[in-house]
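Presented below is the structure to which this report refers.
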């Protein structure tokens with residue numbers, strides 16, 4: 001008589017300094033019910049969202065210490081890097097949002113421990129991967145939050161105000177980068193009554209920008225690539241000069257600038273030079289969502305607020321962490337969808353989603369970026 005295979009065990013860890021939770025009780029219940037998985041969770045996993053451990057237990061999960069989770073789990077899930085070499089056991093699988101193309105120095109610990117690693121931010125932006133697309137989920141919230149943050153910092157009002165005492169003109173906002181975050185920023189700013197201009201190197205973004213009621217700024221001579229997965233690609237030096245000059249001219253009349261332009265694995269493109277900041281009116285605001293990868297603004301620093309000549313520069317690449325309940329709800333669906341998909345497809349060696357998101361298998365590099373860049377010649 002053949003023995004039934006033992007169900008796999010997934011351990012869920014808290015992420016220090018990040019209030020978001022990657023799996024909520026609703027999705028845990030589906031993992032234990034639909035997928036027949038054993039789920040272990042670190043005590044206090046949902047405390048940042050006022051979710052009691054009892055809710056996870058009711059969903060079929062078991063509360064265990066961090067040490068026990070590492071010891072007893074086949075797979076560890078978390079928001080991002082939360083592990084020390086002392087904790088890790090050899091041969092474990094890790095699922096998270098590791099931004100490995102930019103933070104490749106953090107991957108040595110996984111290689112040393114013979115780990116298998118999947119980073120959900122590497123998933124291709126295709127129809128098949130939509131339900132797992134953590135980047136779009138978080139970028140959408142970040143774009144929304146950037147506008148709300150700007151409204152809090154800016155010392156004026158967004159819509160036109162007509163009163164007996166006079167008329168206040170609407171705020172003028174410039175959005176740099178019309179991807180998911182940029183489009184959500186445009187939509188939110190327009191709802192609040194702002195006049196919005198938007199720039200993107202991709203001509204294809206123009207139609208979406210205009211459909212939201214914003215003015216599209218275009219620089220001739222751009223380069224696009226069908227293989228870029230919807231991202232912008234690095235431009236020629238001549239184009240970059242024209243781009244900076246055009247952006248500079250539009251910044252002069254903007255009250256708020258929200259920059260979202262990023263290139264995977266590269267330093268963020270420099271779009272806002274110091275001279276442009278110094279030309280802005282005192283009281284103006286810059287929100288730089290690309291700050292973690294060097295920033296679109298020459299003066300921005302990630303997770304810092306800087307005042308330069310009366311202009312407030314806020315660098316923050318994880319604004320979704322400021323609305324953790326909404327972020328966790330979306331992430332929990334993303335993670336569940338990926339785990340469910342992985343369980344069905346992991347026996348298929350050439351599966352497009354697993355191949356794209358896998359960094360290494362049992363300590364051996366599998367992602368093309370790393371097999372080219374990190375392995376010895």
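Numbering (the working numbering), first residue to last: 1 to 377.
The beta carbon of each residue, even a glycine, is placed where N, CA and C say it ideally should be.
On a predicted model such as this, the values are computed, not experimentally measured, just so you know.
Is residue j closer than 8 Å to residue i when the C-beta atoms are compared?
i	j	result
residue 271	residue 261	yes
residue 74	residue 99	no
residue 283	residue 155	yes
residue 319	residue 164	no
residue 371	residue 358	no
residue 314	residue 106	no
residue 250	residue 217	yes
residue 337	residue 289	no
residue 197	residue 174	yes
residue 123	residue 327	no
residue 128	residue 353	yes
residue 265	residue 102	yes
residue 286	residue 297	yes
Examine the ligand GDP and report whether any of its heavy atoms sits within less than 7 Å of the Cβ of residue i.
i	result
residue 188	No copy of the ligand GDP appears in this structure; indeed no ligand is present at all.
In terms of residues, what are the limits of the beta strand (DSSP E) holding residue i?
i	result
residue 38	38 to 41
residue 118	116 to 119
residue 174	172 to 176
residue 197	195 to 199
residue 31	Element bounds for residue 31: not the beta strand (DSSP E) but the alpha helix (DSSP H), 25 to 33.
residue 359	358 to 361
residue 12	9 to 12
residue 333	Premise fails: residue 333 lies in the alpha helix (DSSP H), 324 to 345, not in any beta strand (DSSP E).
residue 168	166 to 168
residue 96	93 to 96
residue 257	256 to 259
residue 251	Run containing residue 251: none in the beta strand (DSSP E); it sits in the alpha helix (DSSP H), 237 to 251.
Between which two residues does the alpha helix (DSSP H) carrying residue i extend?
i	result
residue 211	205 to 211
residue 70	66 to 72
residue 274	274 to 279
residue 315	Per DSSP, residue 315 belongs to no alpha helix (DSSP H); it is in the beta strand (DSSP E), 311 to 315.
residue 307	Taken as a continuous stretch (DSSP letters only), residue 307 belongs to no alpha helix (DSSP H), being part of the beta strand (DSSP E) at 304 to 308.
Using alpha carbons as the reference points, say which of the options lies closest to residue i.
i	options	result
residue 190	171, 55, 201	171
residue 84	58, 64, 103, 112	112
residue 333	344, 214, 134	134
residue 33	103, 322, 57, 266	57
residue 95	61, 22, 293, 245	22
residue 79	329, 199, 361	329
residue 202	186, 212, 187, 178	178
residue 15	60, 321, 277	321
residue 182	35, 140, 215, 46	140
residue 257	263, 273, 266, 114	273
residue 77	59, 126, 180, 115	115
residue 253	277, 300, 263	277
residue 212	187, 204, 200, 220	187
residue 49	324, 347, 349	324
Chain B beta carbons: is any one of them nearer than 8 Å to that of residue i?
i	result
residue 261	Included in the structure is just one protein chain, with no chain B present.
Does residue i pass the burial test, meaning 16 or more other C-beta atoms within 10 Å, or should it be called exposed?
i	result
residue 226	Only weak support exists for where residue 226 lies, its pLDDT of 48 falling under 50; the coordinates are left without a value.
residue 145	buried
residue 138	buried
residue 312	buried
residue 368	exposed
residue 20	buried
residue 169	exposed
residue 342	buried
residue 108	exposed
residue 360	buried
**Request:** For the stretch 35 to 47 and the stretch 61 to 78, state whether three or more C-beta atom pairs, one from each stretch, are separated by less than 8 Å.
**Result:** A contact is defined here as three or more CB-CB pairs under 8 Å, and the stretch 35 to 47 meets this definition with respect to the stretch 61 to 78.
**Prompt:** Any contact of the stretch 191 to 203 with the stretch 291 to 302, i.e. 3+ C-beta pairs under 8 Å?
**Reply:** no
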